[in-house]
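**Student:**
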Amino acid sequence: AQSVTQLGSHVSVSEGALVLLRCNYSSSVPPYLFWYVQYPNQGLQLLLKYTSAATLVKGINGFEAEFKKSETSFHLTKPSAHMSDAAEYFCAVSDQGGNTPLVFGKGTRLSVIA
Amino acid sequence: DAGVIQSPRHEVTEMGQEVTLRCKPISGHNSLFWYRQTMMRGLELLIYFNNNVPIDDSGMPEDRFSAKMPNASFSTLKIQPSEPRDSAVYFCASSVQGSHTQYFGPGTRLTVL
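As you go down the protein sequences, you meet chains A and B in turn. Be aware that the first sequence starts at 1, since it is given in the working numbering, and climbs by one per residue. Be aware that the second sequence starts at 1001, since it is given in the working numbering, and climbs by one per residue.
1) If you run the structure through DSSP and keep just helix, strand and coil, what is I60(A)?
2) Does chain B have any CB closer than 9 Å to the CB of G8(A)?
3) Exposed or buried, what is L18(A) when buried is set at 16 or more other beta-carbons lying within 10 Å of its beta-carbon?
4) Which residues in the same chain have their Cβ closer than 8 Å to the Cβ of A92(A), if we skip the five residues on either side of it in sequence?
5) Would you verify that the beta carbon of F104(A) is, or is not, closer than 9 Å to some beta carbon of chain B?
6) Check for me: the beta strand (DSSP E) holding N24(A) runs from which residue to which?
7) Closest Cβ-Cβ distance between T100(A) and chain B: below 9 Å?
8) To the nearest angstrom, report how far apart G125(A) and E1083(B) are at their CA atoms.
9) So that I know if they touch, is there some Cβ in chain A lying closer than 9 Å to that of L1043(B)?
10) Skipping 5 residues on each side, what residues in its chain have a beta carbon closer than 8 Å to that of D85(A)?
11) In or out: D1086(B) buried (at least 16 other Cβ within 10 Å) or exposed?
12) What number of angstroms, rounded off, separates the C-alpha of D1163(B) from the C-alpha of V29(A)?
13) In three-state terms, what does DSSP make of P1061(B)?
14) So for M83(A), helix, strand or coil by DSSP?
Structural data, given as structure tokens:
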């Protein structure tokens, strides 16, 4: 069975500061890993995905994530936070990519302070 | 290009009533997923279809829930009878073989009184 643990249900950063959202996964097979963002009252939007190619993945809005097999981690980072980054972020794992169900973490709410 | 379309966006109903949620996937996508989001349980899979065929419905809570996909452009999730604990946001998502990306609809917020 697969699972995802997101450390920290709420992270608060100052505008312009580094954003670091943590995600650890468990999978018995090589995983596909995803980060989604959810703005209030909206659906989920894909930020980036790891599909066994490059371990450093760049996504939209300046976000990136690094797959570390030895640490079973896929942390999300952004060098400089913007007010518009305030949202809920979900890490997800699947065993066969986009055509199989995603298993989500509990989510991390990011607040950006001016 | 239209994304995943869900209707209604909001539904308020009374306990015991039948509720039908609808989803239109992105044209050309061959996989469709129904997820439910609650504060207590987060996002969890209810059921998914490949090429209109249900593949895994183990996440459907109980017999009160049923889902159909009569064709490639339409799916329904029905709850009968509804209960207050069914109150949640229900998301539909679709994907195409090999893309590794699921596209989510805006969700239906269901409130059962």
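Cβ coordinates follow ideal geometry from the N, Cα and C atoms, glycine included. Every value quoted in this text rests on a predicted model; they were computed, and no experiment measured them.
**Tutor:** Result, derived from the coordinates:
1) The answer is helix: DSSP assigns I60(A) an H, G or I state.
2) no
3) exposed
4) If we look at A92(A) and ignore the five residues flanking it on each side, its Cβ neighbours are V4, L33, F34, W35, Y36, L102, V103, F104 and G105.
5) Proximity of F104(A) to chain B, defined by a Cβ-Cβ separation below 9 Å, is satisfied.
6) V19 to S26
7) yes
8) The structure shown does not extend to residue 125(A), since chain A spans only 1 to 114, so no value can be given for it.
9) yes
10) V19, N61, K78, L110 and V112
11) The residue in question, D1086(B), is buried, as its Cβ has 16 or more Cβ neighbours within 10 Å.
12) Because chain B spans 1001 through 1113 in this model, residue 1163(B) falls outside it and cannot be assessed.
13) coil
14) M83(A): helix per DSSP, three-state reduction.
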